[in-house]
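So the sequences go chain by chain: R and P.
When we follow my numbering, the leftmost residue of the first sequence carries the number 9, and every step to the right adds one.
When we follow my numbering, the leftmost residue of the second sequence carries the number 81, and every step to the right adds one.
Built from N, CA and C at the ideal position, the CB exists for glycine as well.
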Amino acid sequence: MINWRTALLPPALAIVFAMLLSSVALLISGANPLEAFATMGAQLFHGNTAVSTVNLAIVYYLAGLAAAVGFQMNVFNIGVEGQYRFAAVVAAIVGGWMQLPPVLHVIAILVVAVASGALYALLPALLKVYRGVSEVITTIMLNSIVFGIVAFLINPEQFGVLHGNNLSTEEIAPSGRIPGIPLGEAGTLFGFVVIAVALGYGYWFMLNRTRFGFELKASGESKTAAAAGGVSAKKMTLAAMLISGGVAGLVAMPELLGRDYVYAMTATQGYGFTGLAVALLGRNHPAGIAFGALLWAFLDRSAVSLESIGIPSEIATIMQGTIVLSVVVAYEIVRRADLAAEQRRVGRAGNGRPASVAEGGAV
Amino acid sequence: MEKPDPTVTTSKRRLPGWARGALWAVVAIGVLSTASYLTDMPILTSSDTSQTALRLGLPILLAAIGGLWAERAGVMNIGLEGMMILGTWGSAWGAYYGGVWVGLAAGILFGLLGGLLHAVAVVTFNVNHIVSGVAINLLGLGVAQYLATLVFEPISGNPRESPPVAKFDTYSATFLSDWLGALEDEQRVVLSDVAGLLRGLVTHVSPLAMIALLLVPASYFILWRTRFGLRLRSCGESPVAAESLGVNVYLHKYIAVAASGGFAGMGGASLVLLEGGADYLENQVNGRGYIGLAAMIFGNYRPSGLLGGAALFGYADGLQLSGGGAAVLALCYGAVLLLAIIVVLQLIRRHWWAAAGGVAGAAVLYWIYWTNDELPSDLIPYTPHFVTIIVLAVAAQRLRVPKAIGQQYRRGEDT
């Protein structure tokens, strides 16, 4: 059973708290918080902001799903960042080089992306399972190394092409692109949204309706208990890391196949870290992650409008950081409050005498 | 594979910590000087390299000390990165208005605030340590950028940069330095190498570097030789037992994490306030907090070990900066020599699998050295990161991690 109060109250509290805190920051810098929030809200109805927010949210959603798979198994895949960038550059190179009929071309690119994302997650996974190296450290190192790998691969001596002043990969032919959904004046929605929704459903189905998902969750809750039930924690860690890397491989695909068609040195970074935050915000639930992704994308897209009224747009980053921290704190506070309420209820049921075993008392 | 009986081996042949450290240093210098002689790359042991290594190793050393304090009290601190970022802004701000020492104090203070935030989240509210760390990294970046736009942009005209700030004066042991310099120039085997490395460490040294190096024995003394340190470490091993003996676990964890933030902030300050480093610059921390954490883990959660880890990463970074791809290749050659020694040791101990792994690694490295004249220039800046992964892969299994690390602890709850 879902307890709506425990599920929805903490994020709401966190958002309110983040708004309060950023109001303080805004007041210190001499700006009017109400004006700032109103400007951010109004920006949503400006031109194509709404659609571009959703488009960005699709990317964040994929990154959130990738992180959430790891969280289920208690693996902190901080390497989503490196995995998606590695997959993006490899998929862009392979996709630009391939000549295939329309649908096949797209599928081939997606397969390459998933495989290379998983490949980049393989090293930390192997080191974690067989050498006991913390996946946090190795993935962070690989996140830095990916900068070098991207620069190396996009170099004209390898696979790069010079477009004006900008180095990028070869352009992907029209057969390898995913058409957008035109919404007239408001802009064009990424066609990838369909795949993202399907992935979200697949994630939910895998966790709640398959044996593998059950074993994954059980192993994440308690390795020893799961091992007693015949589930190998090593295998599950490896699987969680690889699936997480595979999903991470898709993160850059909406933009690559729906808008840019090339992967350039200047491509946006940082989606992986956003994915972690979004997964935390959504408590690893597919619908929650979608909400978190939309909120995050809204903050990113509408923060730009703040510059027009003379407020540094970095206030959005502060709000995002505050939201992550306060949402986890809020979950804890609500959990403690629920626990205390439960204890009071049990205490009342006893009418002053010690509760019997049937009422939840001690034996 | 044969498993040695731990009770026998540990009691029979166990060198004291300082002796093993000295042995490692001798081996490292021996390998480096042999490699520099055989590959004809004097840069491997030049005073330039060791001086750059000291400068680049400092932030990592300080972050590692910060990590040591937090992790010994049982708190994982991924947030070191964010605390360092706060430290860079704080120190640039302080140094601009009040000189270097004010800058250093402000850097420490800003890092400390980040540490306190981590402590509130982790100790008081039982938030997952890594989650809180990630949030603090986000927050540290956001706050520093926001403040930089607000405070520095009107002065420097650029929201990503501070105006030029005061730097620490540097001191040289002139007489010693000159003598070592003369010795280095003679290019005698081993002797000149040692002289080169030492000369870099006694020339143009800032007070901050001395303080940072002194913090290593100081941390050892406080954490391992005082009552307070014993209590702090007991919080990281078994908080329930500590509490039952009357230790205030919450207080000790708070102190440890706040100190950890302070050291990280100092690390941030060392990026800004040293001669040769940039002023406050966006993204200048660039993962050094994480590398510091890795150096600490590599050093087996011990002060002497983390000094070695920081030296290794500082050296790898300094070498690629002053020598480029050819020097990194020579380092590969040195690694092959080191692996050969390790393989022999493993064979004597009859660890066949470990020896086989060593041979395979050496073969790969030698192949890289043999087939390439020049490494891809895009990948060379990431030498320290590669070194980190390789070193951790080789070393991680023999680590002794604080028992209760990352666990959530609430007073009165048993688990």
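May I ask which residues mark the beginning and end of the beta strand (DSSP E) holding residue i?
| i | result |
| --- | --- |
| LEU175 of chain R | 174-176 |
| HIS171 of chain R | 169-171 |
Whose C-beta lies closer than 6 Å to the C-beta of residue i among residues of the same chain, with five residues either side of it excluded?
| i | result |
| --- | --- |
| TRP149 of chain P | ALA336, ALA339 and SER340 |
| LEU260 of chain P | ALA275, LEU278 and ARG279 |
| LEU141 of chain P | ALA292 and ALA390 |
| LEU387 of chain P | VAL296 |
Taking 9 Å as the threshold (beta carbon to beta carbon), is residue i in contact with chain P?
| i | result |
| --- | --- |
| MET9 of chain R | Unreliable positioning characterises MET9 of chain R in this predicted model, as indicated by a pLDDT of 43, which lies under 50. The coordinate reading is nonetheless provided below. Closer than 9 Å: no. |
| GLY228 of chain R | no |
| ASN40 of chain R | no |
| PHE281 of chain R | yes |
| THR276 of chain R | no |
| GLN328 of chain R | yes |
| LEU112 of chain R | no |
Would you mind working out which of the options sits nearest residue i, comparing C-alpha positions?
| i | options | result |
| --- | --- | --- |
| TYR271 of chain R | R:THR57, R:LEU73 and R:ALA121 | R:ALA121 |
| ILE148 of chain R | R:ALA159, R:LEU131 and R:ARG139 | R:LEU131 |
| TYR269 of chain R | R:LEU42, R:PRO320, R:VAL337 and R:ARG185 | R:ARG185 |
| VAL144 of chain R | R:VAL201, R:PHE160 and R:ILE86 | R:ILE86 |
| LEU127 of chain R | R:LEU264, R:LEU289 and R:ILE251 | R:ILE251 |
| THR132 of chain P | P:THR283, P:VAL223, P:LEU196 and P:GLN225 | P:THR283 |
| ASN292 of chain R | R:TYR209, R:SER310, R:MET261 and R:ARG343 | R:TYR209 |
| LEU150 of chain R | P:THR468, P:LEU271 and P:VAL416 | P:THR468 |
| TYR395 of chain P | P:ALA108, P:TRP98 and P:ALA99 | P:ALA108 |
| GLY356 of chain P | P:PHE248, P:THR125 and P:GLY179 | P:PHE248 |
| TYR279 of chain R | R:VAL83, R:PRO262 and R:VAL137 | R:PRO262 |
| ARG327 of chain R | R:PHE155, R:LEU135, R:LEU258 and R:PHE25 | Residue 327 of chain R is actually Met in this sequence, not Arg. Residue R:PHE25 is the option with its Cα nearest to MET327 of chain R. |
| SER152 of chain R | P:THR463, P:TYR489, P:ARG490 and P:LEU354 | P:THR463 |
Quick check on residue i - is its C-beta less than 9 Å from some C-beta in chain R?
| i | result |
| --- | --- |
| GLY511 of chain P | For residue 511 of chain P there is no data in the structure shown, the boundaries of chain P being 81 and 495. |
| ILE140 of chain P | no |
| LEU459 of chain P | yes |
| SER242 of chain P | no |
| PRO239 of chain P | yes |
| VAL211 of chain P | yes |
| THR132 of chain P | no |
| PHE232 of chain P | no |
| ALA442 of chain P | no |
| ALA206 of chain P | Note that residue 206 of chain P corresponds to Asn in the displayed sequence, not to Ala. True, the Cβ-Cβ gap to chain R drops below 9 Å. |
| HIS431 of chain P | no |
| LEU479 of chain P | yes |
| GLY170 of chain P | no |
| VAL223 of chain P | yes |
| THR229 of chain P | yes |
| PHE466 of chain P | yes |
| PRO456 of chain P | yes |
Tell me whether residue i is buried or exposed, calling it buried when 16 or more other Cβ atoms sit within 10 Å of its Cβ.
| i | result |
| --- | --- |
| ASN216 of chain R | exposed |
| LYS243 of chain R | exposed |
| GLN267 of chain P | exposed |
| ASN363 of chain P | exposed |
| HIS54 of chain R | exposed |
| ILE216 of chain P | buried |
| PHE198 of chain R | buried |
| VAL88 of chain P | Bear in mind that the predicted position of VAL88 of chain P carries a pLDDT of just 41, short of 50, making it unreliable; the figure below should be weighed with that in mind. VAL88 of chain P is exposed by the Cβ-count criterion. |
| ALA160 of chain P | The sequence as given places Leu at residue 160 of chain P; Ala does not occur at that position. The residue in question, LEU160 of chain P, is buried, as its Cβ has 16 or more Cβ neighbours within 10 Å. |
| ASP308 of chain R | buried |
| ILE414 of chain P | The question names Ile, but residue 414 of chain P is Gly in the sequence shown. The residue is buried, with at least 16 neighbouring Cβ atoms inside 10 Å. |
| GLU43 of chain R | exposed |
| MET9 of chain R | Because the pLDDT of MET9 of chain R is 43, which lies under 50, any placement of that residue in the model is unreliable, and the number read from its coordinates should be weighed accordingly. Counting Cβ neighbours within 10 Å, MET9 of chain R comes out exposed, since fewer than 16 surround it. |
| MET121 of chain P | buried |
Terminal residues of the continuous alpha helix (DSSP H) containing residue i?
| i | result |
| --- | --- |
| THR147 of chain R | 143-162 |
| ARG353 of chain R | 323-357 |
| ARG267 of chain R | Per DSSP, ARG267 of chain R belongs to no alpha helix (DSSP H) and is neither H nor E. |
| GLY316 of chain P | 307-317 |
| LEU230 of chain P | Note, LEU230 of chain P: premise wrong, no alpha helix (DSSP H); not H, not E. |
| TYR446 of chain P | 432-451 |
| ALA246 of chain P | First-last for ALA246 of chain P: undefined, no H or E at that position. |
Should residue i be listed as close to the ligand GTP, given that the test is whether its C-beta is under 8 Å from any heavy atom?
| i | result |
| --- | --- |
| TRP450 of chain P | As for the ligand GTP, it is missing from this structure, which has no ligand bound. |
What does a CB cutoff of less than 8 Å around residue i pick up in its chain, not counting 5 residues either side in sequence?
| i | result |
| --- | --- |
| THR229 of chain P | PRO239 |
Quick one: what's got a C-beta closer than 7 Å to residue i's C-beta in the same chain, skipping five residues either side?
| i | result |
| --- | --- |
| LEU455 of chain P | GLY405, VAL408 and LEU409 |
| PRO86 of chain P | For PRO86 of chain P, the predicted structure reports a pLDDT of 44, less than 50, and the residue's modelled location is therefore unreliable. The matter cannot be settled from this model. |
| GLY438 of chain P | LEU419, ILE422, VAL423 and GLN426 |
| THR90 of chain P | Note that THR90 of chain P has pLDDT 44, beneath the 50 cutoff, so the model's placement of it is unreliable and no number is given. |
| LYS83 of chain P | Unreliable positioning characterises LYS83 of chain P in this predicted model, as indicated by a pLDDT of 44, which lies under 50. The coordinate reading is nonetheless provided below. So no residue of the chain qualifies. |
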